[in-house]
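Trainee:
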Amino acid sequence: MRFLILLIFLFGAVASFAQPKGNSTYAGLTQFLNTEFVQKFEQSRNKAEQAVRDFNRIKDEFAPEDVMRVMDAYNASAEQFNQVLYNIKADLLDRQKRKFIIQYPQDYSRQIETDLNVAKDYYQSHFQNVVFEVTGGRVSGMPFLALLPEIIKYGKIAFQIFQNIKAEIKKYNDSILEDHLIQPYRFHSWNELE
141 MRFLILLIFL FGAVASFAQP KGNSTYAGLT QFLNTEFVQK FEQSRNKAEQ AVRDFNRIKD
201 EFAPEDVMRV MDAYNASAEQ FNQVLYNIKA DLLDRQKRKF IIQYPQDYSR QIETDLNVAK
261 DYYQSHFQNV VFEVTGGRVS GMPFLALLPE IIKYGKIAFQ IFQNIKAEIK KYNDSILEDH
321 LIQPYRFHSW NELE
């Protein structure tokens, strides 16, 4: 009986080692997506989108031209933040950039920090100012900006993960990154939020 139990245990252990690592193939990507950097990015997106929803609840109080100004300012700002995600995706797909990310994660995180600051400044000077002006301060978009310093801080840690998954990172393709990085975390357009 002991022999049978031992044999079953050994067979199970050997079988688990022999299986292809289909589910764990993208464990590093999953680890990256679970970092504070990505989670805070998602929280900030949710706050920006909440400002749009808040505005949409009261938009009938404003002239159609003002509603269009707010909509255009939001869509342009959302595109700025989405471009950060698309840049990360493009960099992960580019062999030379992947090498750079792996060798110099701190430098890469500084590049992303710069991109995020550009997007933040754009959001602040466009959407935030316009929605504040049109609504007289009833909708401000401010809670979104409070999260950006945290996103930047966590980015420095997040990109170090790629040093540990050199083999996995080579397997990423457009479809994988679109499905796991872009679609779940992108800023939705105004029309998608209505």
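Counted the way the working numbering counts, the sequence shown spans residues 141 to 334.
C-beta: ideal position from N, C-alpha, C; glycine also.
Since the model is a prediction, treat every value here as computed from it, not as a measurement.
1. Spatial neighbours of M211 within its chain, please: CB distance less than 7 Å, with the 5 preceding and 5 following residues excluded, ordered by chain position.
2. Let me confirm a value: K239 is counted as buried when at least 16 other C-beta atoms fall within 10 Å, else exposed. Which label applies?
3. How would you label P204, buried or exposed, when you count the other beta carbons within 10 angstroms and need 16 or more for buried?
4. Can you give the beta carbon distance from L169 to K229, rounded, assuming they're within the 8 Å contact cut?
5. For my contact list, I252 and K180 are in at a C-beta cut-off of 8 Å; report their separation, rounded to the angstrom.
6. Run through DSSP, which three-state label would G276 get?
7. Output the distance between the C-alpha atoms of G277 and A307, rounded to the nearest integer angstrom.
8. Cβ of F172 less than 7 Å from any chain D Cβ?
9. Please go through the same chain and pick out, in chain order, the residues whose beta-carbon is closer than 8 Å to the beta-carbon of I316, but skip the five residues on each side of it.
10. For K260, does the count of other Cβ atoms within 10 angstroms reach 16, so buried, or fall short, so exposed?
11. Output needed for V270: all residues of its chain with C-beta closer than 7 Å, excluding positions within five of it in sequence on either side, in chain order.
12. How many whole angstroms separate the CB atoms of L225 and R326, which I take to be in contact at a CB cut-off of 8 Å?
13. Quick check on the DSSP output: the alpha helix (DSSP H) that includes L317 runs from which residue to which?
14. Which residue comes first and which comes last in the alpha helix (DSSP H) that contains Q190?
15. For S217, is the classification buried or exposed, using 16 other Cβ atoms within 10 angstroms of its Cβ as the cut-off for buried?
16. Which same chain residues, not among the five before or five after F149, have their C-beta less than 8 Å away from its C-beta?
17. Hey, out of H328, E334, E332, L232, whose CA is closest to Q220's CA?
18. If you draw a straight line from the alpha carbon of G162 to that of V274, how long is it in whole angstroms?
19. May I ask you to report which of helix, strand or coil DSSP gives Q300?
20. Could you tell me the distance, in whole angstroms, from the CA atom of D314 to the CA atom of Q223?
21. Taking Cβ positions, are S280 and F272 nearer each other than 7 Å?
Mentor: So, to answer that:
1. As a position in the sequence shown, residue 211 is number 71, starting the count at 1. These residues qualify, in order along the chain: W330.
2. Mapped onto the sequence shown, residue 239 falls at position 99. Per the 10 Å Cβ criterion, exposed.
3. Numbered from its first residue, the sequence shown carries residue 204 at position 64. With fewer than 16 other Cβ atoms from the protein chains shown falling within 10 Å of its own Cβ, P204 counts as exposed.
4. Position 29 of the sequence shown, counting from 1, holds the residue named residue 169. Position 89 of the sequence shown, counting from 1, holds the residue named residue 229. The distance from the Cβ of L169 to that of K229 is about 11 Å, inconsistent with a contact at the 8 Å cut-off.
5. Reading the sequence shown from its first residue, position 112 is the one you call residue 252. Reading the sequence shown from its first residue, position 40 is the one you call residue 180. A Cβ-Cβ distance of about 13 Å is found for the pair I252 and K180, leaving them out of contact under the 8 Å criterion.
6. Looking up residue 276 in the sequence shown gives position 136. Looking at G276 - three-state DSSP - the assignment turns out to be coil, as it is neither helix nor strand.
7. Taking the first residue of the sequence shown as 1, we reach residue 277 at position 137. Taking the first residue of the sequence shown as 1, we reach residue 307 at position 167. C-alpha separation (whole angstroms): 50 Å.
8. Of the protein chains in the structure, only one exists, and it is not chain D.
9. Translated into the one-based positions of the sequence shown, residue 316 becomes position 176. Contacts found: Y166, L169.
10. Residue mapping note: residue 260 aligns to position 120 of the sequence shown, counting from 1. K260 is buried by the Cβ-count criterion.
11. Here residue 270 corresponds to residue number 130 of the sequence shown, with the count starting at 1. Only R209, V210, A213 meet the Cβ criterion.
12. Here residue 225 refers to the residue found at position 85 of the sequence shown. Here residue 326 refers to the residue found at position 186 of the sequence shown. The beta-carbon separation of L225 and R326, rounded to 6 Å, stays under the 8 Å limit for a contact.
13. Mapped onto the sequence shown, residue 317 falls at position 177. Bounds of the alpha helix (DSSP H) holding L317 are 314-317.
14. By one-based count along the sequence shown, residue 190 stands at place 50. Segment 176-198, the alpha helix (DSSP H) holding Q190.
15. To locate residue 217, count along the sequence shown from 1; it is residue 77. By the neighbour-count rule (16 or more Cβ atoms within 10 Å), S217 is buried.
16. Your numbering for residue 149 matches position 9 in the sequence shown. Bear in mind that the predicted position of F149 carries a pLDDT of just 36, short of 50, making it unreliable; the figure below should be weighed with that in mind. A distance below 8 Å between beta-carbons, with the five flanking residues on each side excluded, links F149 to no residue of its chain.
17. Translated into the one-based positions of the sequence shown, residue 220 becomes position 80. Just measuring C-alpha positions, the residue of H328, E334, E332, L232 sitting nearest Q220 is H328.
18. Residue 162 sits at position 22 when you count from the first residue of the sequence shown. Residue 274 sits at position 134 when you count from the first residue of the sequence shown. Confidence at G162 is low in this model, with a pLDDT of 41, below 50, so the placement of that residue should be treated as unreliable; the coordinate-derived value is given next. If you draw a straight line from the Cα of G162 to the Cα of V274, it comes to about 52 Å.
19. Residue 300 sits at position 160 when you count from the first residue of the sequence shown. Looking at Q300 - three-state DSSP - the assignment turns out to be coil, as it is neither helix nor strand.
20. Within the sequence shown, numbered from 1, the residue matching residue 314 stands at position 174. Within the sequence shown, numbered from 1, the residue matching residue 223 stands at position 83. For D314 and Q223, the distance between alpha carbons rounds to 15 Å.
21. Against the sequence shown, residue 280 aligns to sequence position 140. Against the sequence shown, residue 272 aligns to sequence position 132. The answer is yes: Cβ separation under 7 Å.
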